[in-house]
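Trainee:
Residue numbers (this note's numbering): 2 to 82.
1. Taking the C-alpha atoms as reference points, what is the distance between residue 8 and residue 21?
2. Report yes if the C-beta distance between residue 36 and residue 60 is below 7 Å; otherwise report no.
3. Looking at the structure shown, is residue 33 part of a helix, part of a strand, or coil, going by DSSP?
4. In the DSSP assignment, find the alpha helix (DSSP H) that holds residue 8 and state where it starts and stops.
5. What is the DSSP secondary structure of residue 64, counted as helix, strand or coil?
Encoded structure:
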C-alpha cells in the first residue's frame, strides 16, 4: 500500500493522500442524501432481480431533475476546480 501511495503521489497530478482526504460530509456525497433515501424503499419485497430493477427505474423516473442537479452542483464533486 505504501508503494502504491508513493507512486500515486509522484505520478498523479492532484492526488489526495490519506491526510489530504476531507472528512465525511454530505457535500461530498450527493447521492447519500439526494438519491439513496428515495431508492431505499425499492430494496424490499422483490422475488427476482427483474422486479427490483423495474422498481428502481420507476423511482428514478419520479426524481425531479432540477433537484438532482441542484444537489450535484452543491456537492464538492460537482464544483468546478
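The beta-carbon is built from N, C-alpha and C at its ideal position, and this holds for glycine as well.
Mentor: Taking the structure as given:
1. 16 Å
2. no
3. helix
4. 3-12
5. coil
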